[in-house]
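Numbering (our numbering), first residue to last: 2 to 197.
Note that the Cβ used here is the ideal one computed from N, Cα and C, for glycine as well.
Remember, it's a predicted structure, so these values are computed and weren't measured experimentally.
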Amino acid sequence: REVYAVNTRSGDQRWTTELEVGDDWTLKGYVVAGKNRVFVSALKPHVFTGMKDSQWSGAERLFALETTSGEIDWDVRLAKKTLSPPAYADGTVYVGEWYPDADTGRLHALNASDGTNIWTYETEQGAVLSPTVAEDTVYISQGSEFAAVSRADGTQRWRLNIGERTGPPVVVGETAYLQTSPGHNSDSKLLAVREP
2 REVYAVNTRS
12 GDQRWTTELE
22 VGDDWTLKGY
32 VVAGKNRVFV
42 SALKPHVFTG
52 MKDSQWSGAE
62 RLFALETTSG
72 EIDWDVRLAK
82 KTLSPPAYAD
92 GTVYVGEWYP
102 DADTGRLHAL
112 NASDGTNIWT
122 YETEQGAVLS
132 PTVAEDTVYI
142 SQGSEFAAVS
152 RADGTQRWRL
162 NIGERTGPPV
172 VVGETAYLQT
182 SPGHNSDSKL
192 LAVREP
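Take a look at the structure:
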């Protein structure tokens with residue numbers, strides 16, 4: 002499972018890093034760039050536990066690679082599964098997680114320099130998806146709700162019941178623009194949500 006760095010002016014390949022994960026692992030989403038590191042998620046879709054193996058079972062790892070060399074600086078194994086790429090801002094990586102058995106979710110704030118946990122936000126509303134950072138807030142989709150969480154300590158500021166899953170928002174000033182039911186174009190809507 003390889004990650005490439007390419008010079009944007011010449012197209013020359015600067016480095017290639019092969020992540021040491023098993024053949025049944027895949028890299029998913031996209032690479033997220035930080036100040037000195039890039040972050041890549043790897044997913045193992047199925048884990049056999051002797052019980053019913055469902056499409057939602059699996060394991061997840063988040064890798065941090067140095068931007069200059071591609072060397073793996075650290076990696077974190079998450080307890081359950083992420084369904085969307087992380088977000089980065091000002092030295093912190095925000096990763097959403099889903100616990101399918103209970104249909105609950107978590108948002109982790111990780112120190113980008115070493116992967117240690119700064120805080121964890123928990124919700125019983127479903128999977129935490131599409132973390133997006135704007136100013137002092139992390140916006141997330143949690144189940145069928147759209148929510149705002151403080152970047153400082155992970156406390157929930159507000160939540161809004163949308164009635165369906167939403168994609169990552171685009172935040173401009175005090176308004177967040179988001180698509181409902183992403184990937185299902187016939188059912189999708191575009192919503193504008195203003196900060197309360």
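Take SER145 and list the residues in its own chain whose beta-carbon comes closer than 8 Å to its own, dropping the five residues that flank it on each side.
The count along the sequence shown starts at 1 and reaches residue 145 at position 144. Contacts found: GLN126, GLY127, ASN162, ILE163, GLY164, GLU165 and ARG166.
Mind checking ALA177: buried by the 16 CB within 10 Å criterion, or exposed? The residue labelled residue 177 in the question sits at position 176 within the sequence shown. Per the 10 Å Cβ criterion, buried.
Excluding sequence positions up to five away, which residues of its chain have a Cβ less than 7 Å from the Cβ of ARG158? Taking the first residue of the sequence shown as position 1, residue 158 is located at position 157. For ARG158, where only same-chain residues beyond five positions count, the Cβ hits under 7 Å are THR138, ALA149, VAL150 and SER151.
- request: Return the chain-ordered list of same chain residues with a C-beta closer than 7 Å to the C-beta of TRP16, the five sequence neighbours on each side being excluded.
  value: For the purposes of this step, residue 16 is taken as the residue at position 15 of the sequence shown. Correct list, in chain order: ALA6, SER70 and GLY71.
Problem - Three-state secondary structure assigned by DSSP to ASP137 - result: Sequence index remark: in the sequence shown, residue 137 carries index 136 (1-based). Correct three-state label for ASP137: coil.
Under a CB-based cut-off of 9 Å, is GLY155 close to chain C? The structure shown has no chain C; it contains just one protein chain.
Close beta carbons around PRO197, own chain, < 8 Å, minus the five adjacent residues each side:
Locating residue 197 in the sequence shown gives position 196, counting from the first residue. Around PRO197: TRP159.
Are the beta-carbon atoms of PHE64 and VAL41 separated by less than 9 Å? Taking the sequence shown and counting its residues from 1, one reaches residue 64 at position 63. Taking the sequence shown and counting its residues from 1, one reaches residue 41 at position 40. Yes, the pair counts as a contact, with Cβ atoms nearer than the cut-off.
Worksheet item: Got a sec, what are the start and stop residues for the beta strand (DSSP E) ASN162 sits in?
Response: Taking the first residue of the sequence shown as 1, we reach residue 162 at position 161. First-last of the beta strand (DSSP E) with ASN162: 157-162.
Practice prompt. On a CA-only basis, which of GLU123, VAL171, ARG107 and SER114 is nearest LEU84? Give me that one, please.
Written response: Against the sequence shown, residue 84 aligns to sequence position 83. The residue with the shortest Cα to Cα distance from LEU84 is ARG107.
- Query: VAL77 and LEU111: beta carbons closer than 9 Å?
  - Reply: Translated into the one-based positions of the sequence shown, residue 77 becomes position 76. Translated into the one-based positions of the sequence shown, residue 111 becomes position 110. For VAL77 and LEU111, yes; Cβs fall inside 9 Å.
Do ARG2 and GLU19 have their C-beta atoms closer together than 9 Å? Residue mapping note: residue 2 aligns to position 1 of the sequence shown, counting from 1. Residue mapping note: residue 19 aligns to position 18 of the sequence shown, counting from 1. Yes, they are a contact pair.
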